[in-house]
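Chains A and B supply the protein sequences, listed in that same order.
Heads up: the first sequence is residues 813 to 1086, going by the working numbering.
Heads up: the second sequence is residues 77 to 461, going by the working numbering.
Reviewing the structure listed below.
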Amino acid sequence: MTLFVVCVKLVPAPGSLKVDRKRGTLVREGVPSVLNAADKSAARVAMRLRDQVGGRVVAASMGPPQAESALREVLAAGADEAVLLSDPAFAGADTLATSEVLSAAVARLVRDSGAGENYLVLCGARSSDGETGQVGPQVAEALGVGQITMARDVELRGDLLKAERDAGDSVEVLETRLPAVVTIVEEACERRYLAIDRIVEAHEVKKVSVWGLADLGLDALKVGVLGSKTKVVEVFSMHEAGERRAERLSGSLDEVAGRVASELLRFARGGTCE
Amino acid sequence: MQFQLTPKQEMIKRAVREFAENEIRPVAAECDENQEMPEHVLRKMAELKYFGLPVSRKYGGAGLERDTVAFCVATEEIGRVDASASITVGVHGSVVAAPLHEYGTEDQKERFLRALATGEKVGAFTVTEPNAGSDANRVETRAVEDGDEYVLNGTKIFATNGGIAEIFLVVAATGRKGSRQDLTIFIVERDAPGFQLGKKENKLGVRASATNEILLQDVRVPRENVLGTVGGGMGLAMRILDYGRILMAAQCVGLGQACLEAMLRYSNEREQFGSKLGRFQMVQAKIADAATEVEAARLLTYQAADLRDRGMPYAVKSSMAKLFASEAAMRAAHSAVQVHGGYGLMKGFPVERYFRDAKMAEIYEGTSEIQRMVIASRLLRSVGP
């Protein structure tokens, strides 16, 4: 039996991203949240693979209790079960600390299901709020398995995973063997609507388990704000940052490169770009 | 008291809105013009279980048989984009599928409900006749017992969904004329010999909803197709319509919301006398009134639905909701056209369609006058001697 684990995230709805400049964080209270678009595609890919080769799809999300709605949505789209990774200790996590929790959850799911080596983790290639694209690769590193990022199409034959990704004017085809992590771009799937009976089933029949620090056997110093190696110093909206200007540089290659270098230096020294 | 949708209801709202915005809105004006819903839209709505909203999943429905609020939310979201599509699924669900679910025998559910819930077949409910409109007691279609069958003769008019339906609930007289015990509801299939689809009505509004005349000539219906009891049709029809009105109210809430949003959009765009329309107090008043009334209609509608889900009496509330929501939608549509000025009269903007659709809502499924009579008579009875 192949185990497919889809990692998903609840993000502010498009157009409602608000920034708390004092705290350097995104405002989440009172802002409508949705399932991250690329994660939605990752979930669809997981469902398609499961329907082709058999197995189970488990959705996992690290977040506050509200993140349950993202999981319910993946359940409505066809996932078999879901786990919410929620614990006050997880709060304030950067991408590394998030990957720590997600990979521990994957490890437990693999153990509990007896899937052995036969599992695939799918993540959205990036979240529409953080936009780092780091979580998927970090989960792969933590699990010590192969990874393919930014896939727009995925195929699974036995334990051979084949993925296509856009490389500008060409298409790259990559292969790896299970177990693996693959991150999926939003464009990988066409829009599909949720059927009402599936929404009802997702809320009334299917289960969302909640796992905390102890359930995952994790060290409190490795998760949340304590386990984070990066710190957001400042967050600001591009609109608040004042007027944006663009300029086309012309001249010889050396001249243009020189201008770019001097502008970057000025910016790095705390000046503003001209 | 809880004034928040549940997570399930929220997800249904988002899902239906996404579908309605992407799949129905682009074709709504064309549907209105052509007087029909495109087959592919109906098929997609069926796949997503919009035709089985109040039917349990056991019979292939969506599973909202005890969540009328969610049924309302879905109907409202479709109605926010297109009244015709909203009526099509709302009527099918509330006065055909839901009654079969609630009052049908197990055999009837297997034979008819499953096909209705999956949208394989569309349903219609027919009471109205040339001489029996608001006065449903005067139904002249007769059903005469003959062995194990009933033989139906008569003419029904203004049957919502009539043109696309395959399963009809037909109210016919089975007893002494003029008696309250006179009526019975029959489940009639379109392919029954003697069943004929009459003319399709060319209406002012909700034009894409297929409203037809139905001609019944010696249509033989087996006894097993009686819904409820023989002679119990009047009471049953009233109960069915009490429920249906909640959904018609929900459709009107969606329509009123559409009028409000159109007004807001236009008031923020259009400039006259050097100012956006939204800066004029007379326009602001229209916006404020419409927003307030639509919100009040929504609360009344959800409350009626919630009472039903709790198993409490809801008939008066459902009439109040239908009355208020349809009239609020009409006033909102009136304001929306007015705010749009000359453009409001033109086909390029949707508000002229909203205006025509809203007028329909004050008349079908019980006119405003009938709703007032129902509300007042029930209240008077409740304190009477």
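Quick reminder that beta carbons are idealized off the backbone N, C-alpha and C, glycines included.
Note to self: So, for L192/B: in the same chain, excluding its five sequence neighbours on each side, which residues have a beta-carbon less than 8 angstroms away from its beta-carbon?
What the structure shows: F127, G128, V131, H168, V172, A173, L176, V198, G199 and I243
Check: Taking C-beta to C-beta, are G270/B and V295/B nearer than 8 angstroms?
Finding: yes
Check: Buried or exposed: where does E1086/A fall if 16 or more other Cβ atoms within 10 Å of its Cβ makes it buried?
Finding: Legend: pLDDT at E1086/A = 48, less than 50; position of this residue unreliable, value from coordinates given subsequently. Classification of E1086/A: exposed, given that the 10 Å Cβ count is below 16.
Check: Hey, how far is the Cα of P461/B from the Cα of D1009/A?
Finding: 48 angstroms
Check: Measuring CA to CA, which of T837/A, A889/A, K830/A and V843/A is closest to A854/A?
Finding: A889/A
Next item on the list: Check whether the segment 309-323 of chain B touches the segment 141-155 of chain B, counting contact only when three or more Cβ pairs, one atom from each stretch, lie closer than 8 angstroms.
Entry: yes
Check: When the Cβ atoms of the segment 198-215 of chain B are set against those of the segment 230-242 of chain B, are three or more pairs found closer than 8 angstroms?
Finding: yes
Note to self: For T368/B, report the span of its alpha helix (DSSP H) as first-last.
What the structure shows: Q357 to D385
Checklist line | Backbone secondary structure at K974/A - three-state DSSP | finding: strand
Note to self: So, at 8 angstroms on beta carbons, what are the nonlocal neighbours of F1048/A in its own chain, with the 5 sequence-adjacent residues on each side left out?
What the structure shows: V831 and R833
Notebook entry, point to check: L897/A and A917/A: beta carbons closer than 8 angstroms?
Noted result: yes
Item checked: Contact set between the segment 84-96 of chain B and chain A, restricted to residues whose Cβ is under 9 angstroms from the partner -> K84, E86, M87, I88, R90, A91, V92, E94 and F95
Checklist line | G332/B vs D433/B beta-carbon contact at 8 angstroms | finding: no
Checklist line | Cα-Cα separation between K398/B and D382/B, rounded to whole angstroms | finding: 15 angstroms
Next item on the list: Could you have a look at T144/B and say whether DSSP puts it in helix, strand or coil?
Entry: helix
Notebook entry, point to check: If you follow the alpha helix (DSSP H) that A235/B is part of, which residue opens it and which one closes it?
Noted result: Careful: A235/B lies outside any alpha helix (DSSP H), inside the beta strand (DSSP E) at E225 to T236.
Check: Given 8 angstroms as the limit, is there contact between the segment 405-415 of chain B and the segment 358-365 of chain B, that is, 3 or more CB pairs closer than that?
Finding: yes
Next item on the list: List the endpoints of the continuous beta strand (DSSP E) containing N110/B.
Entry: Note, N110/B: premise wrong, no beta strand (DSSP E); alpha helix (DSSP H) at R101 to N110.
Checklist line | Outcome for D211/B when other beta-carbon atoms lying within 10 angstroms are tallied against a minimum of 16 | finding: exposed
Checklist line | Against chain A: residues of the segment 127-140 of chain B by CB proximity under 9 angstroms | finding: G128, L129, R133, G136, G137, A138, G139 and L140
Check: Do T377/B and A408/B come within 8 angstroms of each other at the CB atom, strictly closer than that value?
Finding: no
Checklist line | Within-8 angstroms CB hit, E152/B to chain A | finding: no
Notebook entry, point to check: When every heavy atom of the ligand ATP is checked, does at least one fall within less than 7 angstroms of the C-beta of L815/A?
Noted result: No copy of the ligand ATP occurs in the structure displayed, which carries no ligand at all.
Checklist line | Inter-residue Cα distance where the pair is V392/B and G867/A | finding: 52 angstroms
Note to self: When you compare the CB of L124/B with every CB in chain A, is at least one pair closer than 8 angstroms?
What the structure shows: yes
Check: For I88/B, does the count of other Cβ atoms within 10 angstroms reach 16, so buried, or fall short, so exposed?
Finding: buried
Notebook entry, point to check: Are the beta-carbon atoms belonging to R214/B and N229/B less than 8 angstroms from one another?
Noted result: no
Next item on the list: Taking only the alpha-carbon atoms, compute the straight-line gap between R476/B and N344/B and give it to the nearest angstrom.
Entry: Summary: the structure shown does not reach residue 476/B, with chain B confined to residues 77 through 461, and so no result is reported for it.
Item checked: Chain-ordered neighbours of S881/A on chain B, where CB pairs are closer than 9 angstroms -> P83, E86 and M87
Next item on the list: Throw me the rounded Cβ distance for the T907/A and V870/A pair, which I believe falls under 8 angstroms.
Entry: In fact, because the Cβ distance is near 21 angstroms, the residues do not count as touching under 8 angstroms.
Checklist line | Distance, A404/B Cα to A452/B Cα | finding: 20 angstroms
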